[in-house]
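Those protein sequences? They're chains A and B, same order as listed.
Under this note's numbering, the first residue of the first sequence carries the number 4, and numbering increases by one thereafter.
Under this note's numbering, the first residue of the second sequence carries the number 426, and numbering increases by one thereafter.
Each residue gets a CB set at the ideal place from its N, CA and C atoms; glycine is no exception.
Given the structure is predicted, the values throughout are model-derived calculations rather than measurements.
Written out below as structure tokens is the structure these notes cover.
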Amino acid sequence: MLILDDSNFETEVLKSDLPVLVDFFAQWCPPCQMLGPIIEELAKEIEGKVKVVKVDVDQAPQTSQKYNILSVPTLILFKGGQESKRMVGFRSKQDILKEIPNS
Amino acid sequence: MSDIYDLIIIGAGPAGLTASIYASRYKLKNLVLGKIFGGTITLAHKVENYPGFEEISGFELGQKMVNQARKLGAEILQEEVEKIEKDNNLFKVLTIGGKEFQTKTVVIAAGTQRRKLEVPGEEEYLGKGVSYCTSCDAPFYKDKIVALIGGSNAAVGGAVHTAEFAKKVFIIYRKNELRADPAWVAQASANPKIEVIYNTNVTEILGDGTRVVGVKLDNPYQGKEILPLDGVFVEIGGIPAGEFLNSLGVEKDENGLVKVNQNMETNIPGVFAAGDVTTHSLVMSQVIVACADGAIAAQSAYKYLKNFKF
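Put into structure tokens, the structure is as follows:
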């Protein structure tokens, strides 16, 4: 799975044609590690409809600050370069899917 | 519908995983359905009182249990249970994802969900200064001023961990004495960055539209009702998970804890319970106790299966 940093966030997320689900995570955060496999599974299920990427907050401090990330994991769904939905904290695959309208 | 399990365990924390370990060694075909693998303990930054482990992260301790249960042959799935129905001599377990499983016995080890303060601003600023997980979010508050709300091990231990990053950490507790283990209280007392505010509740979480800027107190601190803060960590305990049990008729106490006897039996034959979700957790809600509950519940399920003619 694509892990972004400050240098490529704009290209990969803000300029994407498809909606993008961004998983903001940190190496030190246990629930982030638990969410990992769930995000991988989810990515396969919505492939082609929604792009799924990860951002390591340590590697992307400017992006994290821009989007006011003070908690991990935080999932943000971007549409047309804009934040469309934000989910804070660990959640199940079904909970995440519920928040992503099928395009 | 496929095979019938001997045992389905609801919850993949220490209670459920220990039940699974014992069940597997009793040669019971068991399935574990859980939301958070490793359970609530995975949120603890450091565990120093689990026998055999001088110091280990809650996450690592939880993962070791998951791996052990898997190695012994249990199927562990990330699923949330919607309800359980009695089906003649069997039980039907239905998940939110729409899956259906059949089993002869059930162990409920669903644990708790973090309790919310339920004050204005709490939901609005979730992830923007309000957090329920110090091990997740403490590093975001480097050189900032934060508060831990609560007086338990999680709150005081969380304060000690957060003080590694923050400039100042307040512990705001409603009583006049912290109820955490003296070992944690000593660490907090020895830390010059940590200050305890007693006999006080937070009545509102204040923000500037983007992030938390402070909290309102019901008891003024240094003459002021508002305490300026960059972050608030809520550690006021857990609410037993268990709406999915309503249709089955499992007896609970007035706080929603599943009633169990010494054998971890509930009021329903074939249904057992273990860990933080049970009334036994009122004695002590610790991993070691949850594990003991899980082992006993598995033994009870095993004995039940031996005696029951299906």
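Along chain B, which residues have their Cβ under 9 Å away from the Cβ of residue i?
i: Ile41(A); result: Gln503
Bridge partners of residue i, per DSSP?
i: Met90(A); result: Leu78(A)
i: Glu620(B); result: Phe595(B)
i: Ser556(B); result: Phe658(B)
i: Pro653(B); result: Gly639(B)
i: Lys52(A); result: BP columns for Lys52(A) are empty, so no partner.
i: Asp718(B); result: BP columns for Asp718(B) are empty, so no partner.
i: Gln68(A); result: Partner(s): none; Gln68(A) has no beta bridge.
i: Pro665(B); result: Thr537(B)
Counting only Cβ pairs nearer than 7 Å, list the residues of chain B close to residue i.
i: Met4(A); result: Within 7 Å Cβ-Cβ: nothing; Met4(A) doesn't reach chain B, min ~18 Å.
i: Gln62(A); result: None at all; the shortest Cβ gap to chain B is about 14 Å.
i: Val91(A); result: Leu551, Gly552
i: Ser95(A); result: Lys460, Gln503, Glu505
Name the chain B residues whose beta carbon is nearer than 8 Å to that of residue i?
i: Ala29(A); result: Cys561, Pro564
i: Val58(A); result: Here the premise fails: no neighbours, minimum Cβ distance about 14 Å.
i: Pro34(A); result: Ile461, Thr467, Leu468, Cys558, Cys561
So which residues of chain A does residue i contact, with C-beta pairs closer than 8 Å?
i: Gly656(B); result: Leu73
i: Phe669(B); result: Near Phe669(B) there are no residues of chain A at all, since even the closest Cβ is about 14 Å away, more than 8 Å.
i: Phe733(B); result: Chain A residues near Phe733(B): none, gap ~33 Å exceeds 8 Å.
Does the Cβ-Cβ distance between residue i and residue j come in under 8 Å?
i: Gly487(B); j: Ile466(B); result: yes
i: Gly695(B); j: Tyr727(B); result: no
i: Ala698(B); j: Val683(B); result: yes
i: Asn626(B); j: Arg599(B); result: yes
i: Leu7(A); j: Val58(A); result: yes
i: Val555(B); j: Val637(B); result: yes
i: Leu497(B); j: Ile429(B); result: no
i: Glu516(B); j: Ile574(B); result: First, the residue type needs correcting, since residue 516(B) is Phe and not Glu in the sequence shown. In this structure, Ile574(B) does not lie closer than 8 Å to Phe516(B) by Cβ.
i: Ile619(B); j: Lys592(B); result: no
i: Val457(B); j: Ala494(B); result: yes
Residues of chain A with CB closer than 7 Å to the CB of residue i, please, in chain order.
i: Phe595(B); result: What Phe595(B) touches in chain A: nothing, since even the nearest Cβ is about 18 Å away.
Exercise for the section: Using a Cβ-Cβ cut-off of less than 7 Å, list which residues of the stretch 64 to 87 of chain A approach chain B; keep chain order. Expected result: Asn71, Leu73, Ser74, Val75, Thr77
Problem - Inter-stretch contact at 8 Å, needing at least 3 Cβ pairs: the stretch 61 to 79 of chain A / the stretch 547 to 564 of chain B - result: yes
Handout entry: Validate contact between the stretch 55 to 62 of chain A and the stretch 89 to 99 of chain A using beta carbons, cut 8 Å, 3 pairs
Key = no
Exercise for the section: Residues of the stretch 573 to 584 of chain B with a CB closer than 8 Å to any CB of chain A: list them in chain order, please. Expected result: none
Practice task
Could you please tell me which residues of the stretch 459 to 474 of chain B, in chain order, have their CB closer than 8 Å to any CB of chain A?
Solution key: Lys460, Ile461, Phe462, Gly463, Thr467, Leu468
Practice task
Anything in the stretch 538 to 559 of chain B with a Cβ closer than 7 Å to a Cβ of chain A? List those residues in chain order, please.
Solution key: Leu551, Gly552, Lys553, Gly554, Ser556, Cys558
Handout entry: Residues in the stretch 621 to 635 of chain B having any Cβ partner in chain A nearer than 9 Å
Key = Thr635
Exercise for the section: Could you list the residues in the stretch 512 to 526 of chain B with a C-beta less than 7 Å from some C-beta on chain A, going in chain order? Expected result: Ile521, Gly522
Problem - Sufficient close CB pairs (3 or more, under 8 Å) joining the stretch 429 to 442 of chain B to the stretch 603 to 612 of chain B - result: no
Problem - Three CB pairs or more closer than 8 Å across the stretch 522 to 529 of chain B and the stretch 628 to 644 of chain B - result: no
Practice task
Count the C-beta pairs between the stretch 671 to 683 of chain B and the stretch 78 to 85 of chain A that are closer than 8 Å, then say yes if the count reaches three, no if not.
Solution key: no
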